[in-house]
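Engineer: Here's a structure for you.
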Amino acid sequence: GLQVNDFRLDEEGRTQEIVEIGNPDEVPLDIAILFDISSSVSQKGFFLFQQRAAASFLKQVLKPVDRAAVFTIADEPKLVSPLAAADVAGAKILSIPAATTPVPTAFYDTVAAAAKYLTEASADRHRRVILVISDGDDNFSTLVKDLTVAEYRASQKGEVTSSVAYQGLLDRRRRAVLEVQKAVQQSDAAFYSINPGGESVRLNQISTRAQNAMESIAQSTGGSAFVPNAEKDLERVFNEIAAELRGRYLLQYYSNSQAAGTQFRRIGVTLPARSELRVRARQGYYPKAVKSEPKAVKGEK
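According to the numbering used here, the sequence shown is numbered sequentially starting from 3.
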C-alpha cells in the first residue's frame, strides 16, 4: 500500500524523482537456479528433498511468461537446462544425480557464469534472479586456483612465509567474492542463497566465511541468504523467497547523477515517514554503455 511519496531514493547522494511505482508482476521473471552437486552437500535423502522443493518452488512462482534456467555447481559451471518454462526446468532439476564420489566446488565460477548467461539470454526489461542452493564453499574456481598456483610458485622460491601465504588465501577469496558480486550487479540480478548446511554452518571458519560471502552478495543486490535448520524449514524458505519475489516494489526513475561513464552508481532507498518498516534494495547498479551508430559526414567516403 505504499505510494511514491512514501519513498526517498538517492543516487550517489543526489535525490532522485521517482516517476512511478511499477508492478513487478507485470514484468517477466527469469531465474537461474544453481544446484550444488558437490560432495559437501550431497546427502542422500536431503538432496532429493532439495530437488523436490526447488521444482515445487518454480511451479509456484513462475507464470507462463516467466522462465528458469538450471546450472549445476561442481568442478566447473554446467548449464543443464537453458531458460524454459517451470515444468521443463523442474523436470531437469529432478533428474540431476547427486555426487557419489568426492567432487570439487567451483562456486564462484558458476555464479559468474549464471550472471553472464542471464545478461546474454534474458531480455533487458525482464527481472532477473540468481538462486543458489549451496554451502558456498569454493575450492576450485579459476580465480582461486590461479592465485593459489602463483603463491605456490612464490613459496617454492622462498618468497613467502606460511603466515603470508595464509593471508594471501584470505585476500584472494575476498577478491573472488567481490568479482562475483560485481558480475551479479552487472547482470541486474537479485541474488538469493539457500545453505543446506543448517546449524552446523557457524561451527567452523570455512563454512562461516562461505555463508558470510553469500550474505554479502545477497545484500548488495537486494536479495536474501537463508540457512534452513532442517528439511521442515526448507519449504518455508522457498515460500519466503516466493513471497519476496511477488511482494516487491518496482521504483522507476530517470537518473540525474553527475557520475561519468559506466562506473558503479550507489543507490539508497528509505521510507522517511515510516521508520517502523525495513527496506531491502539493491545497493546500486552499473549503467549500460550507450552505443552510437557512426554517422556519415558530408564530403567523406
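Every residue gets a Cβ at the ideal spot worked out from N, C-alpha and C, and that includes glycine. Computed from a predicted model, the values in this text were never measured in an experiment.
Please classify D27: does DSSP put it in a helix, a strand, or coil?
Structural biologist: Reduced to three states, the DSSP call for D27 is helix.
Engineer: Could you give the C-beta distance for V186 and F193, rounded to a whole number, given that I count them as a contact under 8 Å?
Structural biologist: The Cβ separation is near 5 Å, so the contact holds.
Engineer: With respect to the alpha helix (DSSP H) encompassing L96, which residues constitute its N-terminal and C-terminal limits?
Structural biologist: Counting along the chain, the alpha helix (DSSP H) containing L96 begins and ends at A88 to L96.
Engineer: Determine, using beta-carbon pairs with one atom in the segment 91 to 102 and one in the segment 118 to 127, whether at least three such pairs fall under 8 Å.
Structural biologist: No: fewer than three Cβ pairs fall under 8 Å.
Engineer: Candidates L11, F9, P66 and V82: which alpha carbon is nearest L31's?
Structural biologist: With distances taken between Cα atoms, L31 lies closest to P66.
Engineer: Let me check one thing: in DSSP terms, what residues is T74 bridge-paired to?
Structural biologist: F37 and K80.
Engineer: Cα separation between V21 and Y255?
Structural biologist: Those two C-alpha atoms are separated by around 5 Å.
Engineer: Whether or not the segment 268 to 276 and the segment 10 to 28 are in contact is what I'm after, with contact meaning three or more pairs of Cβ atoms, one per stretch, closer than 8 Å; do they touch?
Structural biologist: Flag = yes, the segment 10 to 28 and the segment 268 to 276 touch.
Engineer: Taking only the alpha-carbon atoms, compute the straight-line gap between A108 and S143 and give it to the nearest angstrom.
Structural biologist: Going by the C-alpha atoms only, they are around 4 Å apart.
Engineer: Based on the DSSP secondary-structure assignment, which residues constitute the bridge partners of G286?
Structural biologist: Note: G286 sits in a beta bridge opposite R268.
Engineer: Classify R280 as helix, strand or coil using the three-state DSSP reduction.
Structural biologist: In this structure, R280 counts as coil in the three-state DSSP scheme.
Engineer: Would you call the CB atoms of S195 and F228 closer than 8 Å?
Structural biologist: Against a cut-off of 8 Å, the Cβ pair of F228 and S195 comes out as a contact.
Engineer: Measure the C-alpha to C-alpha separation of A2 and L205 and round it to an integer number of angstroms.
Structural biologist: No statement about residue 2 is possible, as the shown extent of the chain runs from 3 to 303 and does not include it.
Engineer: Measure the alpha-carbon distance for A86 versus E217 and round it to whole angstroms.
Structural biologist: Approximately 28 Å between the Cα atoms of the pair.
Engineer: Report the option in S257, P289 and R129 whose CA atom is closest to the CA atom of R250.
Structural biologist: Of the listed residues, the one whose Cα sits closest to R250 is R129.
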